[in-house]
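Step one of this worksheet: look at the structure below.
Protein chains: 2
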Amino acid sequence: MPTGPRPGHGYVHGYSGREAERLHDQARTLAGLLHRDTGYPPGSRVLEAGCGVGAQTVILARKSPGAEITSVDVSVPSLEEARERVRAGPGNVSFLQADIHSLPFRDGTFDHVFVCFVLEHLPDPVRALGCLRRVLRPEGTITVIEGDHGSAFFYPDSAAARKAIGCLIELQREKGGNALIGREIFPLLSAAGYRGVSVSPRMVYVDAGHPELVEGFTKKTFTAMVEGVRDEVLGRGLMDAAGFGQGIRDLYRTCEPDGTFCYTFFKGTGVR
Amino acid sequence: MPTGPRPGHGYVHGYSGREAERLHDQARTLAGLLHRDTGYPPGSRVLEAGCGVGAQTVILARKSPGAEITSVDVSVPSLEEARERVRAGPGNVSFLQADIHSLPFRDGTFDHVFVCFVLEHLPDPVRALGCLRRVLRPEGTITVIEGDHGSAFFYPDSAAARKAIGCLIELQREKGGNALIGREIFPLLSAAGYRGVSVSPRMVYVDAGHPELVEGFTKKTFTAMVEGVRDEVLGRGLMDAAGFGQGIRDLYRTCEPDGTFCYTFFKGTGVR
Chain A
837 MPTGPRPGHG
847 YVHGYSGREA
857 ERLHDQARTL
867 AGLLHRDTGY
877 PPGSRVLEAG
887 CGVGAQTVIL
897 ARKSPGAEIT
907 SVDVSVPSLE
917 EARERVRAGP
927 GNVSFLQADI
937 HSLPFRDGTF
947 DHVFVCFVLE
957 HLPDPVRALG
967 CLRRVLRPEG
977 TITVIEGDHG
987 SAFFYPDSAA
997 ARKAIGCLIE
1007 LQREKGGNAL
1017 IGREIFPLLS
1027 AAGYRGVSVS
1037 PRMVYVDAGH
1047 PELVEGFTKK
1057 TFTAMVEGVR
1067 DEVLGRGLMD
1077 AAGFGQGIRD
1087 LYRTCEPDGT
1097 FCYTFFKGTG
1107 VR
Chain B
837 MPTGPRPGHG
847 YVHGYSGREA
857 ERLHDQARTL
867 AGLLHRDTGY
877 PPGSRVLEAG
887 CGVGAQTVIL
897 ARKSPGAEIT
907 SVDVSVPSLE
917 EARERVRAGP
927 GNVSFLQADI
937 HSLPFRDGTF
947 DHVFVCFVLE
957 HLPDPVRALG
967 CLRRVLRPEG
977 TITVIEGDHG
987 SAFFYPDSAA
997 ARKAIGCLIE
1007 LQREKGGNAL
1017 IGREIFPLLS
1027 AAGYRGVSVS
1037 PRMVYVDAGH
1047 PELVEGFTKK
1057 TFTAMVEGVR
1067 DEVLGRGLMD
1077 AAGFGQGIRD
1087 LYRTCEPDGT
1097 FCYTFFKGTG
1107 VR
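Laid out in structure tokens, this is it:
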């Protein structure tokens, strides 16, 4: 799942205002699950690599009000939106336009690196992780958060819904990304040279006992994301309109009182 | 996943000594994940419904040494093995041969019911849950634990491995069971009339940082379970020997240092 548009890489979810709103819905819904153990001490220098429209930046800034956060992204419009979003925060974020693969920082500049919903869109995540490792000081840490669309399952099960999700996975693959990257965080961090790698899965489990997740996750985050690629799926002939429509209806069907929905994010940490 | 043979229902995993050993490996490996919050107060009357060969009984008895546990199963040989297994325990378990659907107890006999890896093998789990509800006192609780084979995903991904797992799901379905039942615990408990239903997913996440899980779960629990239906899969022509063998090899491949494996159990509770 994305944090914002990244021109220069294929951004499967597009650049609309509705998509930006979806990203903020997602971030609010998942803040506790993903960020409950993200916190940096006062005075520490933190790089947020690929901040997009600032959906995670707002949370980072609030949770670590004494840290000096530098948030970079390749997209100037996204950075402007992110800057606007954090204006009401503790004032501990500076923004910079930069590409992860050519960061304008000296070796060992940062105590910590944070990268969330970014590697999934990059063609060579090990290379990107290596570029981030360079700007970490020795013993500095990296935190990586990614989803995995292959982790989605639900009740009632539906072949059409699984196929619609498969189309999103395929579109992301064709653009050089990997929507199944969550399960790979351990080997990716290891291959990039990090030590002490530890990965913690974070499942979003949704049933009628959690109406805020039915709305905030199943409908507005996940199903909205799949619906968002409808035109491209139909245009490319990956599914026909009837089949894709059935898949989307079946995803909404899991939001009824007897339905359930599961999706897993992975949070990994490593040490330079 | 099973706790033991249940004659009278189709038991997809068979009745061998190797299978009994696999069940105990599984129980030991998963005890913390599944049972860390299972405990009953001294003097409480607990029914374990479908104890099989006693793989969970041993853990239940040790974790609630003051509770009076009654463990029932339809299979007399399984009960004998279970009795042998708990001999070294705190002596708080009595065994009885009985069918969940016709329990020889008066209404409201028990304070708590515990049922683990049983509903997946029953053709009508809501009916079984209703029979268990009858023997619970008002405000008594039920705890249900089930796996979900559709929750398995891994790196490297493999179509052959997914197909081999699909064969196990299909065989279990043909025998009247449901290997995808974990995701259904919330609606099943609700449909059976329980109140205050709450479901908690328990993911087993395995990477090279957890060598005990690579051995105890990916190899000895999950892959051994899939391998265990090889003869039936080939005999029924669900896959050919080459394809099934490839699937099994690909599951073992996830045990290498760069591999990962994910599987989710679901633990649900409800109140009469």
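Quick note, the sequences are listed as chains A and B, same order. For any residue, its number in the working numbering is found by taking its place in the first sequence, counting from 1, and adding 836. For any residue, its number in the working numbering is found by taking its place in the second sequence, counting from 1, and adding 836. Heads up, the beta-carbon is just placed ideally off N, CA and C, and yes, glycines get one too. Values in this document were obtained by computation on a predicted structure and should not be read as measured data.
Item: V882 (chain A) vs F950 (chain A) beta-carbon contact at 8 Å; Value: yes
Item: Residues sharing a beta bridge with G1104 (chain A), DSSP; Value: A:V980 and A:V1035
Item: H985 (chain B), enclosing alpha helix (DSSP H) - first and last residue; Value: No alpha helix (DSSP H) contains H985 (chain B), which DSSP labels as neither H nor E.
Item: Spatial distance of G1052 (chain A) from Q1008 (chain B) (CA atoms); Value: 35 Å
Item: Whole alpha helix (DSSP H) elements within the segment 878–950 of chain B, 4-residue minimum; Value: 893–899 and 912–921
Item: Test: L965 (chain A) CB closer than 8 Å to a CB of chain B; Value: no
Item: Any chain B beta carbon closer than 8 Å to L1004 (chain A); Value: no
Item: DSSP state of E975 (chain B) mapped onto helix, strand, coil; Value: strand
Item: Check: L866 (chain A) C-beta below 7 Å from any heavy atom of the ligand GDP; Value: Absent from the structure shown: the ligand GDP. Ligands present: none.
Item: Chain-ordered neighbours of C1098 (chain A) on chain B, where CB pairs are closer than 8 Å; Value: S987, R1019, P1037 and T1100
Item: Distance, G888 (chain B) Cα to P843 (chain B) Cα; Value: Residue placement at P843 (chain B) is poorly supported in this model, since its pLDDT is 39, which falls under 50; the coordinates still yield a value, given next. Going from the Cα of P843 (chain B) to the Cα of G888 (chain B) covers about 10 Å.
Item: Those residues which DSSP pairs with V1042 (chain A) across a bridge; Value: A:F1097
Item: Residues, ordered as in the chain, of the segment 1040–1065 of chain B that lie near chain A by beta-carbon distance below 8 Å; Value: Y1041, D1043, A1044 and G1045
Item: As assigned by DSSP and simplified to three states, the class of C1003 (chain B); Value: helix
Item: Cβ distance (whole Å) where H937 (chain A) is taken to contact C967 (chain A) below 8 Å; Value: 5 Å
Item: Through-space distance from A885 (chain A) to P940 (chain A), alpha-carbon basis; Value: 12 Å
Item: Within 7 Å of chain B by C-beta, residues of the segment 991–1003 of chain A in sequence order; Value: Y991 and D993
Item: Validate contact between the segment 990–999 of chain B and the segment 1074–1084 of chain B using beta carbons, cut 8 Å, 3 pairs; Value: yes
Item: Beta-carbon separation (whole angstroms), F1102 (chain A) vs I1021 (chain A), contact threshold 8 Å; Value: 5 Å
Item: CB contact flag (G890 (chain A), R854 (chain A), <8 Å); Value: no
Item: Residue from B:G925, B:G944 and B:A1000 whose Cα sits closest to the Cα of R1066 (chain B); Value: B:A1000
Item: Opening and closing residue of the alpha helix (DSSP H) in which A1060 (chain B) lies; Value: A1060 to E1063
Item: Sub-8 Å separation of G1104 (chain A) and V1035 (chain A) beta-carbons; Value: yes
Item: Amino acids of chain A, ordered along the chain, whose beta-carbon sits closer than 7 Å to that of L1016 (chain B); Value: D993
Item: C-beta neighbour in chain B for P1023 (chain A), strict 8 Å; Value: yes
Item: Segment contact flag, the segment 978–994 of chain B with the segment 901–915 of chain B, C-beta cutoff 8 Å, min 3 pairs; Value: no
Item: Residues of the segment 1073–1099 of chain A with Cβ closer than 9 Å to any Cβ of chain B, in chain order; Value: P1093, D1094, G1095, T1096, F1097 and C1098
Item: Proximity winner among A:T874, A:G879 and A:P878, relative to T893 (chain A) (alpha-carbon distances); Value: A:T874
Item: Short CB-CB distance (under 8 Å) between V1114 (chain A) and chain B; Value: Given a span of 837 to 1108 for chain A in the structure shown, any question on residue 1114 (chain A) remains unanswerable.
Item: Classification of Q933 (chain A) by the beta-carbon crowding that lies within 10 angstroms, buried from 16 upward; Value: exposed
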